[in-house]
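S.K.:
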Amino acid sequence: MDDQLSAADLLERNRELQASPTVRLLSATNLSLYAALMDRHLSGGVVAETELVVRLERDLADLGDDQPGLALVKSWASQGWLHRIVDDRTDQNVCYLTQDARRALDFLRGMRRQDTIATGGSITGIAGRLKQVAIKVGNDPARIRKSIEAEIDALRRELDELEAGERPEPDVTDAYDEARAIALQMERLITDIGQYGTMIEQATAALDEPIDSNLAYRDRQRQMYADYQAAWDSQGRDSHRAFLRLINDPDQRAEFEADVAAVAGALPHLDPALRRVMAGFFELVGQQIDEVERIQQRCAQRVKRFTAFGTLEQSRGIARQLNEAIGAARTLLKTSLTDSRLDLELPLARHAISSVGALSFKIGDLSNPKPAKPAEGDVDLASFAALTTQVDAAAMAEMINDALPMSLPDAVAKLDNAYLGHVIVLWSWALKQPQETAGESTTVRFRSLDGRDREIAVPNATFTEPITVGAAP
37 MDDQLSAADL
47 LERNRELQAS
57 PTVRLLSATN
67 LSLYAALMDR
77 HLSGGVVAET
87 ELVVRLERDL
97 ADLGDDQPGL
107 ALVKSWASQG
117 WLHRIVDDRT
127 DQNVCYLTQD
137 ARRALDFLRG
147 MRRQDTIATG
157 GSITGIAGRL
167 KQVAIKVGND
177 PARIRKSIEA
187 EIDALRRELD
197 ELEAGERPEP
207 DVTDAYDEAR
217 AIALQMERLI
227 TDIGQYGTMI
237 EQATAALDEP
247 IDSNLAYRDR
257 QRQMYADYQA
267 AWDSQGRDSH
277 RAFLRLINDP
287 DQRAEFEADV
297 AAVAGALPHL
307 DPALRRVMAG
317 FFELVGQQID
327 EVERIQQRCA
337 QRVKRFTAFG
347 TLEQSRGIAR
357 QLNEAIGAAR
367 TLLKTSLTDS
377 RLDLELPLAR
387 HAISSVGALS
397 FKIGDLSNPK
407 PAKPAEGDVD
417 LASFAALTTQ
427 VDAAAMAEMI
437 NDALPMSLPD
447 AVAKLDNAYL
457 GHVIVLWSWA
467 LKQPQETAGE
477 STTVRFRSLD
487 GRDREIAVPN
497 ATFTEPITVG
507 AAP
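Residue numbers (the working numbering): 37 to 509.
Written as structure tokens, this is what we have:
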């Protein structure tokens with residue numbers, strides 16, 4: 037509730053309303069001119085842009101305003117008061133008012149007509165409808181029975197009078213009051229039926245804005261799903277579905293149109309503007325439903341682009357992980373091998389990542405090297421899974437999967453020519469196995485690039501689950 041909000045929160049909500057297209061239209065300097073032109077030429081629905089421009093320039097000339105009609109149309113569109121789209125059927129631009137503009141015009145029309153629901157019969161109607169709601173939600177059997185019996189007696193008296201040809205004259209005052217209230221509600225519903233589309237539009241409006249990081253992409257995605265869920269649970273969606281059922285049912289539509297014709301014929305003094313609303317109700321609601329479908333198509337395109345960007349951003353993230361793994365491998369090899377300093381060849385990748393390059397060793401002195409010193413510091417061996425592109429990872433994975441369970445030393449020994457890259461990849465795979473590794477280690481042999489055999493101690497880990505090549509490190 038607004039009365040439970042703090043002053044700061046209420047101020048922020050009012051600022052959001054002040055920035056809305058509806059309030060901006062109501063506070064525009066040329067509101068009287070804009071409202072007159074919109075009511076005359078756009079209140080009926082979709083209009084071809086060329087025809088709208090001609091109409092606007094004709095009225096502007098009569099009013100002594102020399103601004104071009106096309107410039108006015110573009111200005112309204114940029115302010116969020118007018119939709120300008122290409123009609124697929126005619127391949128021409130068409131224009132129609134946005135929900136925000138319709139809401140502002142409804143407010144102005146109500147002020148011009150001095151709309152009010154405080155009529156002579158309004159209190160009686162309010163009391164009768166309130167009583168019906170109270171009986172439906174109540175649980176007093178005696179009161180419910182009394183109400184049903186009273187309705188039955190009233191209907192029987194009406195049937196008896198109808199059979200006797202004594203149909204009483206209806207209370208025209210009450211009929212006018214009810215018809216006017218219904219027409220006012222229909223006028224508001226024509227605008228509100230598109231609220232579901234507006235909520236979807238707002239849910240996807242931020243998807244076209246730039247995204248700088250994976251974290252921002254994740255937050256944007258979560259917000260989109262939350263806004264979509266709010267739109268799905270809204271009353272606007274329920275109204276949208278209800279009107280779709282009513283419009284698509286020929287029997288209900290024919291009965292509704294017959295009722296409108298009967299009311300219009302029996303109440304000639306009903307306000308002409310409200311009479312037009314009642315007569316064109318289905319057409320105007322149909323235009324709103326078409327607009328909701330167009331909004332859904334635009335939102336689907338936004339979601340598609342947003343998802344494609346997420347796929348690209350994920351690929352970039354994988355590329356960063358590979359580069360970090362290569363850097364970690366270079367650091368470990370420099371501090372733990374007996375060979376000379378490495379020359380690292382890192383090729384420049386194209387926009388579509390197809391290779392992470394290769395590591396090459398340059399042996400400067402072939403004499404017996406000095407004993408290697410143990411490396412200091414902790415190194416994340418799991419990051420070495422990026423070296424799977426340097427070895428025949430698929431063949432090694434197939435060998436392990438065919439012989440499960442298999443220990444890490446046995447997997448190294450089963451290779452014909454095991455180089456350090458093979459040992460590191462197998463070691464990184466073994467670290468991902470679910471069981472705990474034994475505390476002891478086993479020395480395995482591998483071949484150096486100078487043709488000599490080397491040794492390295494690896495844990496007695498065991499492969500118990502199949503290896504999936506290409507899994508994220």
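The C-beta atom is built at its ideal place from N, Cα and C for all residues, glycine as well.
Spatial neighbours of Arg193 within its chain, please: C-beta separation below 8 Å, excluding the five flanking residues on both sides.
M.R.: There are no such residues.
S.K.: Contact check, Asp446 vs Arg338 under 8 Å by CB: the rounded distance?
M.R.: Not confirmed; about 54 Å, so no contact.
S.K.: Whole angstroms is fine: what's the gap from Asn129's alpha carbon to Ile503's?
M.R.: Near 58 Å, if we compare the C-alpha coordinates of Ile503 and Asn129.
S.K.: Excluding sequence positions up to five away, which residues of its chain have a Cβ less than 7 Å from the Cβ of Ser183?
M.R.: Cβ within range, chain order: Ile171.
S.K.: Any contact between the segment 90-98 and the segment 133-140? By contact I mean 3 or more CB pairs, one from each, below 8 Å.
M.R.: Not touching, per the Cβ criterion.
S.K.: Per the DSSP calculation, Gln128 is bridged to which residue(s)?
M.R.: Per DSSP, Asp123.
S.K.: Assuming Gly230 and Val328 form a contact by the criterion Cβ under 8 Å, report the distance between their Cβ atoms to the nearest whole angstrom.
M.R.: Right, the Cβ-Cβ distance comes to about 6 Å (below 8 Å), so this counts as a contact.
S.K.: Is it buried or exposed for Leu220, if we count other Cβ within 10 angstroms and need 16 for buried?
M.R.: Buried, because 16 or more other Cβ atoms sit within 10 Å of the Cβ of Leu220.
S.K.: Start and end of the alpha helix (DSSP H) containing Ala64?
M.R.: From DSSP, Ala64 is part of no alpha helix (DSSP H); its letter is neither H nor E.
S.K.: According to DSSP, is Thr58 helix, strand or coil?
M.R.: Three-state result, Thr58: helix.
S.K.: Please state whether DSSP places Ala479 in a helix, a strand or coil.
M.R.: Note on identity: in this sequence residue 479 is Thr, with Ala being the wrong assignment. The answer is strand: DSSP assigns Thr479 an E or B state.
S.K.: If I follow the unbroken alpha helix (DSSP H) through Glu87, where does it start and stop?
M.R.: It spans Glu85 to Asp98 - the alpha helix (DSSP H) in which Glu87 sits, taken as one unbroken run.
S.K.: Assign His276 to buried or exposed, taking buried as 16 or more other Cβ atoms, counted over all protein chains shown, within 10 Å of its Cβ.
M.R.: Label assigned to His276: buried.
S.K.: Ignore the nearest five residues each way along the sequence and tell me which others in Phe342's own chain have a CB closer than 7 Å to its CB.
M.R.: So the list reads Leu243, once near-sequence residues are dropped.
S.K.: Which ranges does the alpha helix (DSSP H) cover as unbroken runs of at least 4 residues, wholly within the segment 247-274, from first to last along the chain?
M.R.: Counting whole runs of 4 or more residues, the segment 247-274 contains the alpha helix (DSSP H) stretches 250-268.
S.K.: Is Asp510 helix, strand or coil when you go by DSSP?
M.R.: No answer is possible for residue 510: it lies beyond the span of the chain, which begins at 37 and ends at 509.
S.K.: Name the one or two DSSP bridge partners that Thr498 has.
M.R.: BP columns for Thr498 point to Ser443.
S.K.: Check each candidate in Arg281, Met442 and Val480 and name the one with the smallest Cα separation from Ile460.
M.R.: Looking at the Cα atoms, Val480 is the closest of the given residues.
S.K.: Hey, how far is the Cα of Tyr322 from the Cα of Arg149?
M.R.: Looking at the sequence provided, one finds Gly at residue 322 rather than Tyr. For Gly322 and Arg149, the distance between alpha carbons rounds to 26 Å.
S.K.: What is the DSSP secondary structure of Leu303, counted as helix, strand or coil?
M.R.: Leu303 falls in the coil class under three-state DSSP.
S.K.: Can you tell me the Cα-Cα spacing of Thr65 and Ala43, whole angstroms?
M.R.: Spanning the two alpha carbons is a distance of roughly 29 Å.
S.K.: Straight-line CA distance for Arg334 to Asp75?
M.R.: Those two C-alpha atoms are separated by around 27 Å.
S.K.: Closest to Arg289 by C-alpha separation, out of Ala315, Ala439 and Leu451, would be which residue?
M.R.: Taking only the C-alpha atoms, the option nearest Arg289 is Ala315.
S.K.: Which residue wins for smallest C-alpha separation from Glu491, given the options Glu434, Thr498, Phe482 and Phe499?
M.R.: If we check each option's Cα against that of Glu491, Phe482 comes out closest.
S.K.: Any chance you could list the alpha helix (DSSP H) runs of at least 4 consecutive residues sitting entirely within the segment 159-218, in chain order?
M.R.: Taking only runs of at least 4 residues, the alpha helix (DSSP H) segments lying wholly in the segment 159-218 are 177-199.
S.K.: Does Ile236 pass the burial test, meaning 16 or more other C-beta atoms within 10 Å, or should it be called exposed?
M.R.: So Ile236 ends up on the buried side.
S.K.: What is the DSSP secondary structure of Leu320, counted as helix, strand or coil?
M.R.: Helix.
S.K.: Taking a contact to mean a Cβ-Cβ separation below 7 Å, would you say Ala466 touches Ala497 in this structure?
M.R.: Yes.
S.K.: Please classify Ser376 as buried or exposed, where buried requires at least 16 neighbouring CB atoms within 10 angstroms.
M.R.: Residue confidence for Ser376 is low, a pLDDT of 45 falling below 50, so the modelled location carries little weight; the figure read from the coordinates is stated next. Exposed.
S.K.: Nearest by alpha-carbon distance to Gln135: which of Asp228, Asp326 and Asp45 is it?
M.R.: Answer by Cα proximity: Asp228.
S.K.: With a threshold of 16 other CB atoms inside 10 Å of the CB of Tyr70, please say whether the residue is buried or exposed.
M.R.: Looking at its Cβ environment, which holds 16 or more other Cβ atoms inside 10 Å, Tyr70 is buried.
S.K.: By Cβ distance, which residues of its chain are closer than 8 Å to Ser270, with the 5 residues on each side in sequence left out?
M.R.: Cβ neighbours of Ser270 beyond the five flanking positions: Gln231, Tyr232 and Met235.
S.K.: Should Arg386 be labelled buried (16 or more other beta-carbon atoms within 10 Å of its own) or exposed?
M.R.: A caution first: Arg386 carries a pLDDT of 44, below 50, which makes its placement in the model too unreliable to give a value.
S.K.: When you compare the segment 297-315 with the segment 209-218, are there three or more beta-carbon pairs, one atom per stretch, that lie closer than 8 Å?
M.R.: Touching, yes.
S.K.: Going by alpha carbons, who is nearest to Gly105 out of Ala113, Arg91, Gln115 and Gln469?
M.R.: The residue with the shortest Cα to Cα distance from Gly105 is Arg91.
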